Amino acid sequence: MEARRRASTTLRRLDAVLADLIDAETGQRGYLLTGVPAYLEPHLAARVRLAADTVELRSLAAGDSALSAALDRLGPLIGARLAALDRAVGAFARGGQEAARRSVLSDSGKEIMDRIRAELAAVRAEWEGTLALRSSRAAAFAAAARRVIVVGEVVAVALFAGSALLIWRQLSALRQAHRAIAEREHELAQILETLPVGIFIVDSEGRPHYANRLSGAILGRSAEPDAGDLARAYQVYRAGTRELYPSDQLPVLRALRGETVHVTDIEIRRPDRSVPVEVWAAPVYGDGGRIVLAVAAFSDVTEQEEARRRIEELNRELARRVGELEALNRELETFSYSASHDLRAPLRAVDGFARMLIEDHGAELSAEARRRLEVIRERTQRMGRLLDDLLRLSRVTRKELEPARVEMRLLVQGVIADLTEGLRNRPEILIGELPEAWGDVALLRQVWSNLLANALKYSATRPEPSIEIGGTVQAGERIYHVRDNGVGFDMAYAGKLFGVFQRLHRPEEFDGTGVGLAIVQRIVHRHGGRVWAEAAPERGATFFFALPDRGTP
Numbered sequence: 189m190e191a192r193r194r195a196s197t198t199l200r201r202l203d204a205v206l207a208d209l210i211d212a213e214t215g216q217r218g219y220l221l222t223g224v225p226a227y228l229e230p231h232l233a234a235r236v237r238l239a240a241d242t243v244e245l246r247s248l249a250a251g252d253s254a255l256s257a258a259l260d261r262l263g264p265l266i267g268a269r270l271a272a273l274d275r276a277v278g279a280f281a282r283g284g285q286e287a288a289r290r291s292v293l294s295d296s297g298k299e300i301m302d303r304i305r306a307e308l309a310a311v312r313a314e315w316e317g318t319l320a321l322r323s324s325r326a327a328a329f330a331a332a333a334r335r336v337i338v339v340g341e342v343v344a345v346a347l348f349a350g351s352a353l354l355i356w357r358q359l360s361a362l363r364q365a366h367r368a369i370a371e372r373e374h375e376l377a378q379i380l381e382t383l384p385v386g387i388f389i390v391d392s393e394g395r396p397h398y399a400n401r402l403s404g405a406i407l408g409r410s411a412e413p414d415a416g417d418l419a420r421a422y423q424v425y426r427a428g429t430r431e432l433y434p435s436d437q438l439p440v441l442r443a444l445r446g447e448t449v450h451v452t453d454i455e456i457r458r459p460d461r462s463v464p465v466e467v468w469a470a471p472v473y474g475d476g477g478r479i480v481l482a483v484a485a486f487s488d489v490t491e492q493e494e495a496r497r498r499i500e501e502l503n504r505e506l507a508r509r510v511g512e513l514e515a516l517n518r519e520l521e522t523f524s525y526s527a528s529h530d531l532r533a534p535l536r537a538v539d540g541f542a543r544m545l546i547e548d549h550g551a552e553l554s555a556e557a558r559r560r561l562e563v564i565r566e567r568t569q570r571m572g573r574l575l576d577d578l579l580r581l582s583r584v585t586r587k588e589l590e591p592a593r594v595e596m597r598l599l600v601q602g603v604i605a606d607l608t609e610g611l612r613n614r615p616e617i618l619i620g621e622l623p624e625a626w627g628d629v630a631l632l633r634q635v636w637s638n639l640l641a642n643a644l645k646y647s648a649t650r651p652e653p654s655i656e657i658g659g660t661v662q663a664g665e666r667i668y669h670v671r672d673n674g675v676g677f678d679m680a681y682a683g684k685l686f687g688v689f690q691r692l693h694r695p696e697e698f699d700g701t702g703v704g705l706a707i708v709q710r711i712v713h714r715h716g717g718r719v720w721a722e723a724a725p726e727r728g729a730t731f732f733f734a735l736p737d738r739g740t741p
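In short: position in the sequence shown from 1, add 188, done, that's my numbering.
(1) Specify, as a first and last residue, the run of the beta strand (DSSP E) that TYR473 falls within.
(2) CB-CB under 6 Å to LEU705, same chain, minus the five flanking residues each way: which ones, in chain order?
(3) Would you decide whether ALA327 is buried or exposed? Buried here means 16 or more other CB atoms lie within 10 Å of its CB.
(4) Apply the 10 Å Cβ neighbour rule to ARG496 and answer buried if 16 or more other Cβ atoms are within range, or exposed otherwise.
(5) What residue does the alpha helix (DSSP H) around SER637 start on, and which one ends it?
(6) May I ask you to report which of helix, strand or coil DSSP gives ARG367?
(7) Is PRO736 helix, strand or coil when you go by DSSP?
(8) If distances are taken between C-alpha atoms only, which option among ASP252, ILE667, GLU588 comes closest to ALA625?
(9) Let me check understanding here. Comparing Cα to Cα, which of ASN400, GLU505, ARG536, VAL594 lies closest to GLU566?
(10) Suppose contacts are defined by Cβ-Cβ distances below 9 Å. Is LEU265 in contact with HIS231 by that definition?
(11) Please check the pair ASP241 and ALA204, which I expect to be a contact at CB under 8 Å, by giving their CB distance rounded to whole angstroms.
(12) Could you round the C-beta distance between GLY386 and SER487 to whole angstroms and report it? I think they count as a contact, below 8 Å.
(13) Between the segment 334-351 and the segment 222-231, do at least 3 Cβ pairs fall closer than 8 Å?
(14) Do VAL603 and ARG633 have their CB atoms nearer than 9 Å?
(15) Give the straight-line distance between the Cα atoms of VAL510 and ILE499, rounded to the nearest whole angstrom.
(16) Can you round the beta-carbon distance between GLU656 and LEU618 to whole angstroms, since I take them to be within the 8 Å contact cut?
(17) With respect to the beta strand (DSSP E) encompassing THR608, which residues constitute its N-terminal and C-terminal limits?
(18) Should TYR473 be labelled buried (16 or more other beta-carbon atoms within 10 Å of its own) or exposed?
(19) Measuring straight from C-alpha to C-alpha, what distance separates LEU407 and ARG458?
(20) I'd like the span of the beta strand (DSSP E) that includes SER654, first residue to last.
(21) Using alpha carbons as the reference points, say which of GLN492, GLY620, ALA212, LYS298 lies closest to ALA234.
(22) Using a 10 Å radius around the Cβ and a threshold of 16 neighbouring Cβ atoms, would you call ASN638 buried or exposed?
(23) When DSSP builds the beta bridges, which residues end up paired with THR382?
(24) How big is the Cα-Cα spacing for GLU501 and GLU512?
(25) Taking the straight line between their C-alpha atoms, what separation do you get for ALA482 and ALA469?
(26) Given that a residue counts as buried once 16 or more other Cβ atoms are within 10 Å of its Cβ, and exposed if not, what is ASP460?
(27) If you draw a straight line from the alpha carbon of GLU381 to that of ARG372, how long is it in whole angstroms?
(28) To which residues of the same chain is HIS549 closer than 8 Å at the C-beta, ignoring the five residues directly before and after it?
(29) What's the C-alpha gap between ARG246 and ALA349?
(30) According to DSSP, which residues form a beta bridge with THR448?
(31) Measure the alpha-carbon distance for LEU308 versus ARG275 and round it to whole angstroms.
(32) Is DSSP giving GLU624 helix, strand or coil here?
(33) To the nearest angstrom, how far is it from the Cα of ALA281 to the Cα of GLN364?
Listed below in structure tokens is the structure:
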């Protein structure tokens, strides 16, 4: 009876070992397929049962050398299979399903299981064939079996504790990894929600993956847009042409084909209004170089479009006003030119008759009459000079610019030679750095001539008149100046300096028509430059003019 009981128990334990291994594999595979830690519970339970079954078999093998030898062969095979299962679980915890799959494929699990099944089948056959012999020897090895049982239980408990600790650590690492991934995804979502553009992301199949709230607001939805919003729920047109935009050419779908897209001619037909949008789209590649996502960023450019249309309207209005102003300027220039020519003849006649009266009848006239005739002549000559200046101003306005390289130093030296020829009280004139420029040589000569003539005139009353000339290049301009130590002027009246017929000194103090500085300003403005002055009463004046810096001439 005892031999049969032990034989029956041994056979059940051999079957249980195989069943426990299969259950351990099943639990492990469920965890690897789902990532749910609960699937490891059958795995752990099977390992506990396997340890118990192995201990009991060791106990039953006491006194049976064949069974003990078979168990010795089975022990390493079972340990190798359990170690392979543990490696796959650890690989999943560290790198996910793909890493676990590589770990499983790299182990010879099926070969080990086949060897285990063969060993168990051989043991079963041998045990059934030698049942009587094993029964007779069982008593002799009973004491030894009990000791083996104790040792096996200790080993089983240690094995279970070690395996449980390893699995617990792996599960803890997996939970930490999941938390880290969740935190990163939350941070990324918060960043995308704060962007001032709509974000719409689709997966490799074109299905919606993510959309921020602003994208829904732009598209006229309170909820996040779905995959069909851009292609079905709204009509998408090319702005201005009303041509329907092909759905397969939408930027986000073009990005799925590997394109980087920037489109500015799209407007979306919402139920309430049309929304012009500017869209950027690009593909997102995975580790293997395959497109896994496509990202589209788009913004509502309604305000920009309205501003652009307003600017275009203002430009058209400005062009119309400029045309009117140009026409008026041409009429005014024509009138000034004609009036100047028409007035010169009577002025010459008045001056001529006054001169003839003085020459032919001077002896018959009183001193007062002769003085009045001289005043008439002086006024008519002054009027003639004024008309000459008006004609020069008109010619400056009408003359076509002929830009060329201008050697400013040579130009200034020539002007100085012309203006100082025959002067008895010639001033000290210092010429500093004068960078070259681009401009109309004749007109720029007129600028220097007028500025230097003013400096000579208003410093002539000084005991030691001096004039300083210089220039520099700075901030995109070539700036020139003429500084004198003359009578200067009050800066409160500087706004009148460059107006036609505007003078800050009486004619009896300094001769002039009040047109010279107006000519200077007109010429400099035609060159795209600017002109200004700095002065103080009795402390001299400095006149500046700046021309655009067009590089080295």
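By construction, the Cβ of each residue, glycine as well, lies at the ideal position given by its N, Cα and C atoms.
These numbers come from a predicted model, not from an experiment.
Result, derived from the coordinates:
(1) For the purposes of this step, residue 473 is identified with residue 285 of the sequence shown, where counting begins at 1. TYR473 -> beta strand (DSSP E) spans 462-473.
(2) Here residue 705 corresponds to residue number 517 of the sequence shown, with the count starting at 1. So the qualifying residues of the chain are LEU685, PHE686.
(3) Start at 1 with the first residue of the sequence shown, and residue 327 comes out as number 139. With a pLDDT of 49 at ALA327, under the threshold of 50, the modelled position of that residue is not reliable, and no figure is offered here.
(4) On the sequence shown, residue 496 is found 308 positions in, with the first residue counted as 1. Under this definition ARG496 is an exposed residue.
(5) The count along the sequence shown starts at 1 and reaches residue 637 at position 449. First-last of the alpha helix (DSSP H) with SER637: 629-647.
(6) Position 179 of the sequence shown, counted from the first residue, corresponds to residue 367. In this structure, ARG367 counts as helix in the three-state DSSP scheme.
(7) For this step, residue 736 is matched to residue 548 along the sequence shown. Strand at PRO736.
(8) Within the sequence shown, residue 625 is the residue found at index 437, counting from 1. If we check each option's Cα against that of ALA625, ILE667 comes out closest.
(9) Position 378 of the sequence shown, counted from the first residue, corresponds to residue 566. Selected option, being the one with the closest Cα: ARG536.
(10) Residue mapping note: residue 265 aligns to position 77 of the sequence shown, counting from 1. Residue mapping note: residue 231 aligns to position 43 of the sequence shown, counting from 1. No, the pair does not count as a contact, with Cβ atoms beyond the cut-off.
(11) Here the question's residue 241 lines up with position 53 in the sequence shown. Here the question's residue 204 lines up with position 16 in the sequence shown. About 5 Å; that satisfies the 8 Å criterion.
(12) As a working note, residue 386 is residue 198 in the sequence shown. As a working note, residue 487 is residue 299 in the sequence shown. With 8 Å as the limit, GLY386 and SER487 qualify as a contact, their Cβ atoms being about 7 Å apart.
(13) Touching, no.
(14) Along the sequence shown, one-based indexing puts residue 603 at 415. Along the sequence shown, one-based indexing puts residue 633 at 445. Contact: yes.
(15) As a working note, residue 510 is residue 322 in the sequence shown. As a working note, residue 499 is residue 311 in the sequence shown. Roughly 16 Å separates the two Cα atoms.
(16) Counting from one through the sequence shown, the residue named residue 656 turns up at place 468. Counting from one through the sequence shown, the residue named residue 618 turns up at place 430. So it is a contact: roughly 5 Å between Cβ atoms.
(17) For the purposes of this step, residue 608 is taken as residue 420 along the sequence shown, with counting starting at 1. THR608 -> not in any beta strand (DSSP E); alpha helix (DSSP H) instead, spanning 596-608.
(18) Stepping through the sequence shown from its first residue, residue 473 is reached at position 285. TYR473 comes out exposed.
(19) On the sequence shown, position 219 is the one that residue 407 refers to. On the sequence shown, position 270 is the one that residue 458 refers to. Taking the straight line joining both Cα atoms gives about 7 Å.
(20) Working through the sequence shown from its first residue, we reach residue 654 at position 466. Counting along the chain, the beta strand (DSSP E) containing SER654 begins and ends at 654-662.
(21) By 1-based counting over the sequence shown, the position of residue 234 is 46. Checking every option, the nearest Cα to that of ALA234 belongs to ALA212.
(22) As a first step, residue 638 is located in the sequence shown; it is residue number 450 there, counting from the start. By the 16-neighbour rule on beta-carbons within 10 angstroms, ASN638 is buried.
(23) Locating residue 382 in the sequence shown gives position 194, counting from the first residue. In the DSSP output, where bridge partners are listed per residue, THR382 has none listed.
(24) Taking the sequence shown and counting its residues from 1, the one referred to as residue 501 is at position 313. Taking the sequence shown and counting its residues from 1, the one referred to as residue 512 is at position 324. One Cα belongs to GLU501, the other to GLU512, and the distance between them is close to 17 Å.
(25) The residue labelled residue 482 in the question sits at position 294 within the sequence shown. The residue labelled residue 469 in the question sits at position 281 within the sequence shown. Their backbone Cα atoms lie some 7 Å apart in a straight line.
(26) Translated into the one-based positions of the sequence shown, residue 460 becomes position 272. Exposed, because fewer than 16 other Cβ atoms sit within 10 Å of the Cβ of ASP460.
(27) As a working mapping, residue 381 is identified with position 193 in the sequence shown. As a working mapping, residue 372 is identified with position 184 in the sequence shown. C-alpha separation (whole angstroms): 14 Å.
(28) As a working note, residue 549 is residue 361 in the sequence shown. Here the set comprises nothing.
(29) Residue mapping note: residue 246 aligns to position 58 of the sequence shown, counting from 1. Residue mapping note: residue 349 aligns to position 161 of the sequence shown, counting from 1. So the alpha carbons of these two residues sit roughly 20 Å apart.
(30) Along the sequence shown, read from residue 1 onward, the residue named residue 448 stands at position 260. None, per the DSSP bridge assignment.
(31) Here residue 308 refers to the residue found at position 120 of the sequence shown. Here residue 275 refers to the residue found at position 87 of the sequence shown. Approximately 25 Å between the Cα atoms of the pair.
(32) What you label residue 624 is simply residue 436 of the sequence shown in a count that begins at 1. When secondary structure is reduced to three states using DSSP, GLU624 falls in the coil class, being assigned neither helix nor strand.
(33) Stepping through the sequence shown from its first residue, residue 281 is reached at position 93. Stepping through the sequence shown from its first residue, residue 364 is reached at position 176. When rounded, the distance between both Cα atoms is 10 Å.
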